[in-house]
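Report on the structure given below.
Protein chains: 2
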Amino acid sequence: MLTSVDPDVIRVLGDPLRLQIVTLLARETLCTTHLVEETGARQTNLSNHMKVLREAGIVETEPCGRFTYYKLKPEVLAGLSEQFAALADSARTATENKRACP
Amino acid sequence: MLTSVDPDVIRVLGDPLRLQIVTLLARETLCTTHLVEETGARQTNLSNHMKVLREAGIVETEPCGRFTYYKLKPEVLAGLSEQFAALADSARTATENKRACP
DNA sequence: CTCTCACATCATCACCCGCTGATACCAGCG
DNA sequence: CGCTGGTATCAGCGGGTGATGATGTGAGAG
Chain A
296 MLTSVDPDVI RVLGDPLRLQ IVTLLARETL CTTHLVEETG ARQTNLSNHM
346 KVLREAGIVE TEPCGRFTYY KLKPEVLAGL SEQFAALADS ARTATENKRA
396 CP
Chain B
296 MLTSVDPDVI RVLGDPLRLQ IVTLLARETL CTTHLVEETG ARQTNLSNHM
346 KVLREAGIVE TEPCGRFTYY KLKPEVLAGL SEQFAALADS ARTATENKRA
396 CP
């Protein structure tokens, strides 16, 4: 399969702050306040990034009183892992598949 | 390990054109001319992206006469795959690790 | 030797994107 | 209820980034 990885998800994870958020969320479920403390970013900035992550389907929200908890969707990361593994696998055999010079 | 994935590599792969290039190179080793044909992008544009991919350590160049062949470095993709797998694994158990509301 | 082609580099421009401040919304609590 | 605090949304600004054209370099053909 010519499974090209979904560029959107990768682009979303390409931002350093968002990647930090994802790394934090991979350890524990956190709410916005915690993320503000951990990252040092402004709340409004965080909220923006969380929206991006939400729309990319990487995180889920879970309201708890007036707090909003975020947790990762492991299957998305697992999917990425698989797709990269497939690319790596394909790349290993591609070294010999050299198209002729024109 | 709190192996946060390298943001640089991911950001490089976040660009749709570069991801297309990587997908193509995962199938066969190609030179710039082939990539121009396949992607429809300008040569100078391609060369820019190839430079980015080269500096990110994702591809290797192999001169062949006056042509330059590019091939992927599978270990980079494999590393990404592992790191995402680790994140996904960690995320699966993180759902219960909910930090208390402040 | 010279000319041509493949490729890389440089400088420039325009545009997208993330950061910021202001503001609206919603849930508890008194 | 009204107030307070946590969160989301919106408009605007500035910097980073990708696309483009001109130019340089090096290898092979004639």
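Protein chains in written order, with our numbering: chain A, 296 to 397; chain B, 296 to 397. Think of the CB as a built atom: it goes at the ideal place given N, C-alpha and C, for glycine as much as any other residue.
Label residue i either buried or exposed according to how many other C-beta atoms from any shown protein chain fall within 10 Å of its C-beta, with 16 as the threshold for buried.
i, result
"K366(B)", "buried"
"Q338(A)", "exposed"
"L297(B)", "In this prediction, L297(B) has a pLDDT of 43, which is less than 50 and means its spatial position is unreliable; what the coordinates show is noted afterwards. So L297(B) counts as exposed."
"T324(B)", "buried"
"R349(B)", "exposed"
"G335(A)", "exposed"
Taking the alpha helix (DSSP H) that residue i falls in, what are its first and last residues?
i, result
"K393(B)", "K393(B) -> no alpha helix (DSSP H), and no H or E assigned at all."
"E323(A)", "Note, E323(A): premise wrong, no alpha helix (DSSP H); not H, not E."
"V304(A)", "302–309"
"R337(B)", "It is not in any alpha helix (DSSP H) - R337(B) carries neither H nor E in the DSSP assignment."
Going by C-alpha to C-alpha distance, which of the options sits closest to residue i?
i, options, result
"A373(B)", "F379(A), G360(A), C359(A)", "F379(A)"
"A395(B)", "E377(A), C396(A), R313(A), F362(A)", "F362(A)"
"C359(A)", "R387(A), C326(A), E370(A), L312(A)", "C326(A)"
"V347(A)", "E370(A), S376(A), V307(A)", "V307(A)"
"A381(A)", "D310(B), V317(B), L312(B)", "V317(B)"
"E391(A)", "D310(B), L312(B), E357(B), T388(B)", "E357(B)"
"V300(A)", "G309(B), V300(B), D301(B)", "G309(B)"
"Y364(A)", "S376(A), T388(A), L341(A)", "L341(A)"
Using the Cα positions of residue i and residue j, report the straight-line distance between them to the nearest angstrom.
i, j, result
"V331(A)", "D303(B)", "23 Å"
"N343(A)", "I305(B)", "20 Å"
"M345(A)", "K393(A)", "43 Å"
"H329(A)", "E355(A)", "16 Å"
"I353(B)", "V371(B)", "6 Å"
"S376(B)", "E377(A)", "7 Å"
"P397(B)", "A389(A)", "53 Å"
In the DSSP assignment, find the beta strand (DSSP E) that holds residue i and state where it starts and stops.
i, result
"K366(B)", "362–367"
"V354(A)", "354–359"
Would residue i pass as a contact of residue j if the rule is Cβ separation under 7 Å?
i, j, result
"A386(A)", "A321(B)", "yes"
"A383(A)", "P369(B)", "yes"
"L314(B)", "E333(B)", "no"
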